[in-house]
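Since the structure comes first, as structure tokens, the remarks are kept for the end.
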Amino acid sequence: MRWWLPDAGSTFAGPIDTLFLAILIITGITFVIVEVGLITFVIRYRGRPGRKAFYTHGSTRAEVIWTAIPAVTMVALGLISNHYWVLIKNKKSIPPNAYHLGVHAKQFEWQVTYPGKDEKLGTDDDFTVRNQLHVIVNQPTAVELTSEDVIHSFFVPEWRLKQDAVPGMHIMAWFQPTKTGEYEIGCAELCGMGHYKMRARVFVHTPDEYKAWVAQQAAGGSE
Amino acid sequence: MTTPQPTTHVRPNYLLIWLYLFVMTIAEVLLAFELPVTQNLKLILLLILAVWKAMLVALFFMHLKFERWRLRLIFIVPLPLAAILVTTVIMEKVF
Amino acid sequence: MTHATQTLDQMRPPFPAEVGSGVYSNKLGMWVFLASDVMFFTALIGSYIILRFGMPSAWARPGAVLNVPLTGVNTFLLICSSVSMVKAYAAIADGKKYFLRKVPGKTLQDGGLKFWLLVTIICGAGFVGVQLVEYIKLVGEGFTPAGYREGSLLAEHALADPVKYGAGVAGMYGSTFFTMTGFHGFHVTCGVISMLYLYFTKVLPEKYSAQDYRGIEVIGLYWHFVDLVWIILFTIVYLI
Amino acid sequence: MTTVAHTRTEAHSEHAPMSFWRKYIFSTDHKIIGIQFLFVSLFFLLVGGLLAMQIRWQLGFPGKPMPGGGILPESMVSGGVILPEYYIQLVTMHGTFMVFFAIMPLLVGVYANFLIPLKVGAHDMAFPRINMWSFWLALLAGLIMLAGFFVPDGAPRAGWTMYAPLSARPDLSGATISQKLWSISIVVLGLSSVMGSVNYITTIINHRAPGMYWFRMPLSVWALFITAILAVLALPVLQGAAIMLLFDQSIGTHFFDPVAGGQALLWQHLFWFFGHPEVYILILPAMGMVSDIIANGSRKPIFGYHSMVFAIIGIAFLGWLVWGHHMFMSGMNPTLGSTFMVSTLLIAVPSAVKVFNWMGTMWRGNLRFHVPMLNAIGFVSMFTIGGLSGIFMAATPVDIPLHDTQFIVAHIHYVLFGGSLFALFAAITYWYPKMFGRMMNEGIGKAHFFLTFIFYNMTFFPMHIIGMGGQMRRIYDPTIYDFLKPQQPLNVFISYSAFALFAVQILFAFNFLWSLKFGKKAPQNPWDDNGLEWSLPNPAPHGNWDRTPNVYRGPYEFSAPEAGDKDYLPQYVKLPTDRDPVPAPAPAGH
Numbered sequence: 002m003r004w005w006l007p008d009a010g011s012t013f014a015g016p017i018d019t020l021f022l023a024i025l026i027i028t029g030i031t032f033v034i035v036e037v038g039l040i041t042f043v044i045r046y047r048g049r050p051g052r053k054a055f056y057t058h059g060s061t062r063a064e065v066i067w068t069a070i071p072a073v074t075m076v077a078l079g080l081i082s083n084h085y086w087v088l089i090k091n092k093k094s095i096p097p098n099a100y101h102l103g104v105h106a107k108q109f110e111w112q113v114t115y116p117g118k119d120e121k122l123g124t125d126d127d128f129t130v131r132n133q134l135h136v137i138v139n140q141p142t143a144v145e146l147t148s149e150d151v152i153h154s155f156f157v158p159e160w161r162l163k164q165d166a167v168p169g170m171h172i173m174a175w176f177q178p179t180k181t182g183e184y185e186i187g188c189a190e191l192c193g194m195g196h197y198k199m200r201a202r203v204f205v206h207t208p209d210e211y212k213a214w215v216a217q218q219a220a221g222g223s224e
Numbered sequence: 042m043t044t045p046q047p048t049t050h051v052r053p054n055y056l057l058i059w060l061y062l063f064v065m066t067i068a069e070v071l072l073a074f075e076l077p078v079t080q081n082l083k084l085i086l087l088l089i090l091a092v093w094k095a096m097l098v099a100l101f102f103m104h105l106k107f108e109r110w111r112l113r114l115i116f117i118v119p120l121p122l123a124a125i126l127v128t129t130v131i132m133e134k135v136f
Numbered sequence: 031m032t033h034a035t036q037t038l039d040q041m042r043p044p045f046p047a048e049v050g051s052g053v054y055s056n057k058l059g060m061w062v063f064l065a066s067d068v069m070f071f072t073a074l075i076g077s078y079i080i081l082r083f084g085m086p087s088a089w090a091r092p093g094a095v096l097n098v099p100l101t102g103v104n105t106f107l108l109i110c111s112s113v114s115m116v117k118a119y120a121a122i123a124d125g126k127k128y129f130l131r132k133v134p135g136k137t138l139q140d141g142g143l144k145f146w147l148l149v150t151i152i153c154g155a156g157f158v159g160v161q162l163v164e165y166i167k168l169v170g171e172g173f174t175p176a177g178y179r180e181g182s183l184l185a186e187h188a189l190a191d192p193v194k195y196g197a198g199v200a201g202m203y204g205s206t207f208f209t210m211t212g213f214h215g216f217h218v219t220c221g222v223i224s225m226l227y228l229y230f231t232k233v234l235p236e237k238y239s240a241q242d243y244r245g246i247e248v249i250g251l252y253w254h255f256v257d258l259v260w261i262i263l264f265t266i267v268y269l270i
Numbered sequence: 110m111t112t113v114a115h116t117r118t119e120a121h122s123e124h125a126p127m128s129f130w131r132k133y134i135f136s137t138d139h140k141i142i143g144i145q146f147l148f149v150s151l152f153f154l155l156v157g158g159l160l161a162m163q164i165r166w167q168l169g170f171p172g173k174p175m176p177g178g179g180i181l182p183e184s185m186v187s188g189g190v191i192l193p194e195y196y197i198q199l200v201t202m203h204g205t206f207m208v209f210f211a212i213m214p215l216l217v218g219v220y221a222n223f224l225i226p227l228k229v230g231a232h233d234m235a236f237p238r239i240n241m242w243s244f245w246l247a248l249l250a251g252l253i254m255l256a257g258f259f260v261p262d263g264a265p266r267a268g269w270t271m272y273a274p275l276s277a278r279p280d281l282s283g284a285t286i287s288q289k290l291w292s293i294s295i296v297v298l299g300l301s302s303v304m305g306s307v308n309y310i311t312t313i314i315n316h317r318a319p320g321m322y323w324f325r326m327p328l329s330v331w332a333l334f335i336t337a338i339l340a341v342l343a344l345p346v347l348q349g350a351a352i353m354l355l356f357d358q359s360i361g362t363h364f365f366d367p368v369a370g371g372q373a374l375l376w377q378h379l380f381w382f383f384g385h386p387e388v389y390i391l392i393l394p395a396m397g398m399v400s401d402i403i404a405n406g407s408r409k410p411i412f413g414y415h416s417m418v419f420a421i422i423g424i425a426f427l428g429w430l431v432w433g434h435h436m437f438m439s440g441m442n443p444t445l446g447s448t449f450m451v452s453t454l455l456i457a458v459p460s461a462v463k464v465f466n467w468m469g470t471m472w473r474g475n476l477r478f479h480v481p482m483l484n485a486i487g488f489v490s491m492f493t494i495g496g497l498s499g500i501f502m503a504a505t506p507v508d509i510p511l512h513d514t515q516f517i518v519a520h521i522h523y524v525l526f527g528g529s530l531f532a533l534f535a536a537i538t539y540w541y542p543k544m545f546g547r548m549m550n551e552g553i554g555k556a557h558f559f560l561t562f563i564f565y566n567m568t569f570f571p572m573h574i575i576g577m578g579g580q581m582r583r584i585y586d587p588t589i590y591d592f593l594k595p596q597q598p599l600n601v602f603i604s605y606s607a608f609a610l611f612a613v614q615i616l617f618a619f620n621f622l623w624s625l626k627f628g629k630k631a632p633q634n635p636w637d638d639n640g641l642e643w644s645l646p647n648p649a650p651h652g653n654w655d656r657t658p659n660v661y662r663g664p665y666e667f668s669a670p671e672a673g674d675k676d677y678l679p680q681y682v683k684l685p686t687d688r689d690p691v692p693a694p695a696p697a698g699h
């Protein structure tokens with residue numbers, strides 16, 4: 002049983018999880034204030050015969066306070082969030098040394114195109130593998146997401162990575178895995194009957210393992 | 042006597058407005074096909090003419106010119122919403 | 031005047047004004063509906079603008095596919111109908127004679143109303159008729175909501191001159207053209223039907239007066255709005 | 110002047126001997142139309158609930174035969190086990206029915222119709238016949254939508270948001286006819302909503318009783334007024350989009366099909382441009398009615414009436430600027446994402462003001478825990494959770510792992526079930542005597558509230574956790590994923606809670622139906638309330654008042670010093686110190 006976000010597997014996980022925790026604390030405090038307040042009021046001011054309610058139409062000062070505090074908190078939260086948002090999603094944030102892959106989604110599979118030995122996409126030694134994403138640990142990787150038919154969403158929970166693949170659009174997403182191992186890709190956008198089984202495996206290799214895998218693929222003849 | 046009655050204002054000359062609309066329509070067609078202006082200028086001029094014509098219809102035929110602001114407001118409110126939608130979605134392509 | 035009767039007045043409000051906005055309810059309701067119709071056309075026209083901005087290649091040149099002179103005449107018809115509508119409204123609202131002959135035994139303004147409303151209906155029906163003819167012609171030439179029909183005249187033209195006929199984006203051209211003009215035509219048709227209904231149930235029996243012309247003013251607002259939309263559509267669909 | 114009075118009496122007698130059909134079926138009386146909406150939308154609520162139970166069965170026990178599944182045709186279940194294609198129909202139709210045909214008509218159809226004229230002192234809606242049409246079109250739309258289950262290929266399969274191109278192309282979704290039925294139904298529903306809303310706006314602007322100034326209107330009326338404005342401007346956009354979708358599906362246009370130059374994201378922009386105001390259409394009336402009920406239950410004026418009004422307006426206005434937060438992961442330009450994040454976070458401000466003002470209202474009150482008040486307190490506490498969980502998704506980086514997971518499902522249910530539906534339980538109980546002349550049973554009502562409150566939290570709170578774990582929305586079988594397997598016990602727990610939650614609603618249904626016939630006869634003002642509607646007998650007659658009432662004060666004068674030994678002071682009661690409101694001047698020419 003897991004009660005928290007999945008284990009961290011990429012560089013995004015750090016800031017996102019911290020931000021999550023920060024929001025959890027802010028909202029937690031608010032939640033406690035509201036619920037404790039409600040329970041207190043319910044008990045303390047329960048109706049009894051002979052009592053009369055305090056006749057007031059409100060207090061401007063109180064209202065200004067509870068308008069200003071959320072406003073300031075929200076603006077601050079927005080500014081902090083925006084910093085990381087730009088870092089993660091903006092096209093210009095993709096590191097120049099990123100290793101490029103192509104991910105093509107179709108009902109109901111992921112086709113990953115690898116650059117082959119020359120490490121460049123769009124050349125003859127590219128090869129495509131169904132439902133397997135092999136990447137190198139600690140290597141910034143950029144994927145170009147495309148879709149054949151409907152909208153799919155590329156989702157790797159451990160990497161805190163989610164990006165829709167939209168037909169007619171070429172969307173770049175990048176990530177930097179920090180742990181070797183095996184993960185799963187799920188499709189997070191309803192894409193038809195087989196939405197639930199649109200699953201792929203992710204393998205995070207050390208550089209040597211990856212090279213070996215590429216060589217093996219090349220030997221086996223690229224599909 | 043809070044309500045200005047429709048009859049309190051002098052009727053605009055509707056035939057004159059009709060003439061304006063007519064002339065501007067011809068101007069539009071000429072502009073689109075005959076006159077030697079650049080593509081962008083043509084676009085802007087055509088849009089100005091269209092908005093002008095639309096304003097004439099709204100102000101005089103729908104007598105918005107003679108209504109109170111609170112009634113004009115009903116017609117004005119949707120326009121910024123429309124503008125927000127269109128500009129936002131177009132901006133997506135621009136960045 | 032006692033207090034009770036005053037409140038009754040507000041319950042069954044005398045024309046033309048009502049408490050609150052200072053505008054009687056039918057007119058206020060029509061304006062609110064028009065605001066909502068603005069948003070409806072925003073969805074259609076806005077999509078057209080957005081799609082056209084995002085196009086990979088240029089749209090067909092103005093006049094290449096669509097018959098602009100015919101539509102110009104049609105625009106003229108609709109503008110005329112708008113003028114006649116406002117004349118009809120003025121005739122009844124002012125109780126003034128315009129330049130129609132006095133009919134013995136009849137009040138002057140009714141004569142004006144009947145004439146001008148009939149002109150409006152005829153022009154409106156004419157507009158719909160011309161649009162139908164245009165549609166039939168276009169479809170005959172091969173212009174359909176899905177683009178240029180294969181093997182049709184237009185498809186051949188597009189092959190010969192892809193730039194002029196916007197061959198790459200013919201599908202979008204057809205989609206937006208037929209949806210926008212079609213729904214505008216639908217609005218015009220609804221207007222003509224409502225005016226015919228008013229004509230036979232209210233205008234011919236002379237139910238309207240300088241004191242109560244609500245139906246005419248309200249349908250007039252709708253009609254001018256439809257005209258206004260067409261002015262925009264004509265420019266952005268046919269001329270740009 | 111006598112002639113006016115005469116016409117009025119005539120109008121009354123004309124209505125007196127009406128057949129059953131005229132009175133209850135083709136009625137133009139706003140109260141009857143409200144009751145018609147109530148029954149129809151409660152029916153659709155039941156339909157939506159039954160669909161939800163099947164979803165929960167599949168998620169809790171994937172691959173096991175569903176009890177009673179045998180009665181469904183082979184195209185939906187195989188050997189009692191739900192098929193993937195049927196599962197997608199379930200999630201699509203659950204969302205569609207609940208949003209468009211249950212919550213929205215319950216709030217707007219029922220309570221805007223029923224309350225607006227009664228609360229502003231009008232004799233009926235401005236356009237009673239259009240009002241009747243609005244109901245019949247809504248019913249027609251509902252039936253068209255329901256028909257989707259009975260056509261070949263079954264119900265629509267693209268989710269209630271109908272993302273194109275899945276929804277636009279039958280070859281990709283697998284449903285041909287019902288996808289078109291969805292679009293048609295939405296167009297009809299939009300028409301019905303616009304007709305209704307034009308009516309509400311006109312009535313509120315033009316038909317208020319003398320003395321019912323803008324800032325004397327109850328917050329429920331304010332909320333319904335703003336809601337009607339949102340509906341009038343938002344629904345046409347959906348109509349336009351649905352028409353384009355219908356054309357894509359049927360006559361070969363390509364608005365949303367990228368193959369021929371269309372844009373897939375255009376649908377999402379149009380849908381959410383409508384959709385976010387729609388979210389506020391679904392919550393603002395609930396907020397308004399809860400404000401009325403909390404003031405009544407606390408026996409205190411509402412805390413900060415004006416800021417409550419401005420908060421409603423603020424939420425409605427910001428509602429137009431935030432639609433993009435539904436599309437953070439859609440490949441929309443990230444710069445737009447930043448803008449939408451800020452506007453979204455700002456909505457927390459007016460929402461917080463409302464919550465704190467409700468608490469301020471209860472502060473130092475003399476609380477009466479009648480069933481509506483209990484449900485209203487439930488609303489405040491649950492809406493708070495729903496609002497706070499929204500902040501997680503509004504902050505874009507945190508949204509990345511949470512988007513399109515069960516976390517979102519938890520959030521929307523905390524707002525729509527914990528928010529709107531609790532408010533509706535409160536409102537139905539509160540205005541039941543006004544509708545039917547009888548009270549609902551207090552004991553059953555309280556039992557229903559406490560059980561619902563418990564099972565509701567047991568159902569939806571754990572969804573946050575499985576959403577954090579990454580369980581995607583609308584997946585048929587979570588157990589095939591390694592990272593979701595560990596949390597399957599929680600899914601089972603949620604399913605059991607959901608079944609219990611559904612079972613508890615039988616109490617409500619029983620209470621509702623039983624009280625129609627056997628409930629205690631209602632006194633004229635059962636809740637000691639200030640609203641104009643309680644100056645009428647229960648149920649109120651056609652045409653409401655014989656004479657338009659005068660309004661002397663705001664709606665929340667509970668425990669006012671001048672009320673004497675009573676702790677409420679109705680809006681229609683004239684104290685010796687009160688002066689009659691100045692009637693609006695007679696229009697020119699009369």
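First to last, the sequence lines map onto chains L, A, V and F.
So my numbering is basically just the index in the first sequence, starting at one, shifted up by 1.
So my numbering is basically just the index in the second sequence, starting at one, shifted up by 41.
So my numbering is basically just the index in the third sequence, starting at one, shifted up by 30.
So my numbering is basically just the index in the fourth sequence, starting at one, shifted up by 109.
From the three backbone atoms N, C-alpha and C, an ideal C-beta is built for every residue, glycine too.
Ordered along the chain, which non-local residues of its own chain (more than five positions away) have a Cβ less than 6 Å from that of residue i?
i, result
"T561 of chain F", "V613"
"P679 of chain F", "N639"
Is the separation between the beta-carbon of residue i and that of residue j shorter than 8 Å?
i, j, result
"G263 of chain F", "A277 of chain F", "no"
"A519 of chain F", "T453 of chain F", "no"
"A337 of chain F", "I310 of chain F", "yes"
"V104 of chain L", "E145 of chain L", "yes"
"A99 of chain L", "A143 of chain L", "yes"
Give the residues of chain F in contact with residue i, contact being defined as C-beta atoms less than 7 Å apart.
i, result
"R3 of chain L", "G578, P595, Q596"
Pick helix, strand or coil for residue i, following the three-state DSSP scheme.
i, result
"W269 of chain F", "coil"
"M173 of chain L", "strand"
Anything in chain L within Cβ reach of residue i, meaning under 9 Å, just list it in chain order.
i, result
"P63 of chain F", "Since the first and last residues shown for chain F are 110 and 699, residue 63 of chain F lies out of range."
Residue i versus chain L: which residues are under 7 Å apart at the beta carbon?
i, result
"R583 of chain F", "L191, H196"
In its own chain, which residues sit with a C-beta less than 7 Å from the C-beta of residue i, not counting the 5 before and 5 after it?
i, result
"G528 of chain F", "I392, A395, F488, M491, F492, G495"
"T270 of chain F", "F380"
Who are the near neighbours of residue i in its chain, counting only those whose CB is closer than 8 Å to its CB and skipping five residues on each side?
i, result
"L374 of chain F", "M436, S439, G440, M441"
"V556 of chain F", "Rather than Val, the amino acid found at residue 556 of chain F in this sequence is Ala. Closer than 8 Å at Cβ, skipping near neighbours: L616."
Quiz prompt | Segments of 4+ residues assigned as alpha helix (DSSP H) that fall wholly inside the segment 152-236 of chain V | solution = 183-190, 200-228
Exercise. Give, in chain order, every unbroken run of the beta strand (DSSP E) that is at least 3 residues long and sits entirely within the segment 85-126 of chain L.
Key: Within the segment 85-126 of chain L, the beta strand (DSSP E) runs of at least 3 residues that lie entirely inside it are, in chain order, 100-107, 110-115.
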